[in-house]
DNA sequence: TTTTAAATAATAGTATTACTATCATTGGCA
DNA sequence: TGCCAATGATAGTAATACTATTATTTAAAA
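Residue numbers (this note's numbering), protein chains in the order written: chain A, 1 to 228; chain B, 1001 to 1228.
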């Protein structure tokens, strides 16, 4: 892809931050290094103190950007969903055939992290890893209903909606287009995780980040579900 | 079901506990109340100290049973998987037709919590809620590979294996029987959660714990995937 | 160029968490 | 009766998840 500034396309709920991290050098450093550190340490071991030390700032300063590390996680995951939505829109804009669109959708998110990144301070490949390993913790919390009512998960919903429309275009009789869409994403991430850590729970293999088998599997599931 | 002692059928990896909680009154209280409290507080807010206070014991004593709360979570989730496996085996033992078996499998776990519980100190219905809300945290951790190598997730793998065999029996050409199985479980739990908390991410509705729509959806997906 | 406001740093402090350690008590069985 | 295993009581520690205060730097307006 060309190096258009995707960040102008990324709109994240303002409730997710206290001070826009994209708008300052330090803020971008927070985004950048929090992705790296959560991926490396895992969400539980990751702390604002460690992050502060890494970027040579202080805990208190990070708290001025994000209310707590859980909201930061939602921010990062939302970023990812928005990034995938952007890719899908970009890659399908010249396609009118719905079946072809679905194929592109699957390809887009399976290979999302391989696309030439356009935001210097976000490593999309590592962000994808993070979403695979820690993403579901963003919405499995006791505050889910309150957070949802504040619109914190809009990006994921929009993505699901986008895909569900294509599903309905392909097969108007398919009864569960939203479930199809979310299942596609959850399944994709789950099986990358399983292939890496719990191989007995899946049939695919992923070596050296080769996700080709995953793409084949998702298309196989999709085709059968939609009667193609 | 009759009140046969299912606990004799439940075999959990000995590495999951330091002292068998099923073998003492206090241990059973730990199981019982940890289920209730994790469901109520969420896993993050749940602590051994709160649990100790609830059962009128001490933190140190609980640490004599479980190494930490994360291992306790794996223990409880393993219990759930083992319980579902048991139900599936029981309910399918008189059925030879594979398609019918799959239908029973789906019915068994969708309605698992409605079966008359046979272990007095485990509320299976609440345990199912816990698995839906917190279950994935049991295997999304930085220690996953070490824990997996110790056999901590055997119960889930066995369950997946059980279902994958039926899938292969129905359609020997289906290329991803394990992915089918795990996806069935993950999807089931996800969509119960979505229906309750993020309804825009699913097509089904669940009011008053009526999971009938979920069963219909899972059968719909299963039939299409297996070409029935 | 100075003034000033905003951002960040430095530092400290608090309640809670996730443990570990030690010693006392109790209740059953040998 | 005595002993031992299980549990209780108590204390302590390092780390976490914050909040508060004051000092310093920086960047932009006057």
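Positions of the beta carbon are idealized from the N, C-alpha and C atoms, including for glycine.
- With fewer than 16 neighbouring CB atoms inside 10 Å of its own CB, residue 95 of chain A falls in the exposed class.
- Residue state for residue 1014 of chain B is assigned as helix, using DSSP reduced to three classes.
- Interface residue (Cβ-Cβ distance to chain B less than 7 Å): residue 178 of chain A is classified as such.
- Under the Cβ criterion of 7 Å, residue 186 of chain A is counted among the residues facing chain B.
- In this structure the stretch 19-31 of chain A touches the stretch 54-62 of chain A; the number of beta carbon pairs closer than 8 Å is three or more.
- If you compare the alpha carbons of A:87, A:196, A:212, A:211 with that of residue 117 of chain A, the shortest gap goes to A:87.
- The beta carbon of residue 37 of chain A does not come within 7 Å of any beta carbon belonging to chain B, so the residue lies off that interface.
- From the beta-carbon of residue 191 of chain A, the residues of chain B found nearer than 7 Å are 1179.
- Residue-level contact by beta carbon holds for residue 197 of chain A and chain B, with a gap shorter than 7 Å.
- With respect to residue 15 of chain A, residue 77 of chain A sits apart: the two C-beta atoms are not nearer than 7 Å.
- In chain B, no part has a C-beta under 8 Å from the C-beta of residue 15 of chain A; the shortest such distance is about 16 Å.
- For the stretch 109-134 of chain A, residues whose beta-carbon sits nearer than 7 Å to a beta-carbon of chain B comprise 133, 134.
- Here residue 167 of chain A has 102, 174, 177, 180, 181, 226 as same chain residues with Cβ atoms under 8 Å from its own Cβ, once five neighbours each way along the sequence are excluded.
- A residue is called buried when at least 16 other Cβ atoms come within 10 angstroms of its Cβ; residue 75 of chain A meets this threshold and is buried.
- In terms of Cα proximity to residue 65 of chain A, the closest of A:111, A:149, A:22 is A:22.
- For residue 1027 of chain B, no CB of chain A lies under 7 Å from its own CB, so it is not counted at the interface with that chain.
- For residue 1144 of chain B, the closest Cβ of chain A is nearer than 7 Å.
- When secondary structure is reduced to three states using DSSP, residue 1145 of chain B falls in the helix class.
- Not one beta carbon of chain B lies nearer than 7 Å to the beta carbon of residue 168 of chain A.
- In the structure shown, residue 1150 of chain B adopts coil according to DSSP, grouped into three states.
- With contacts defined as CB atoms closer than 7 Å, residue 1160 of chain B and residue 214 of chain A fail to qualify as a contacting pair.
- Across the set A:204, A:195, A:209, A:172, the C-alpha of A:172 shows the shortest separation from the C-alpha of residue 98 of chain A.
- The Cβ-Cβ distance between residue 183 of chain A and residue 1187 of chain B falls below 7 Å.
- Here residue 1155 of chain B is buried: its Cβ has 16 or more other Cβ atoms, across all protein chains shown, within 10 Å.
- Here residue 1205 of chain B is exposed: its Cβ has fewer than 16 other Cβ atoms, across all protein chains shown, within 10 Å.
- Residue 47 of chain A is outside the set of residues whose beta carbon lies under 7 Å from a beta carbon in chain B.
- Counting only residues of its own chain and dropping the five nearest sequence neighbours on each side, residue 33 of chain A has a CB closer than 8 Å to the CB of 51, 54, 55.
- Note on geometry: alpha-carbon atoms of residue 128 of chain A and residue 1143 of chain B lie some 19 Å from one another.
- Ranking B:1036, B:1019, B:1198 by CA distance to the CA of residue 1126 of chain B puts B:1036 first.
- Taking CB atoms only, residue 1103 of chain B has no neighbour in chain A less than 7 Å away.
- With its beta carbon at least 7 Å from every one in chain B, residue 212 of chain A lies outside the interface.
- The beta carbon of residue 219 of chain A sits no closer than 7 Å to any beta carbon of chain B.
- When the alpha-carbon of residue 165 of chain A is set against those of A:152, A:194, A:89, A:114, the nearest one is in A:89.
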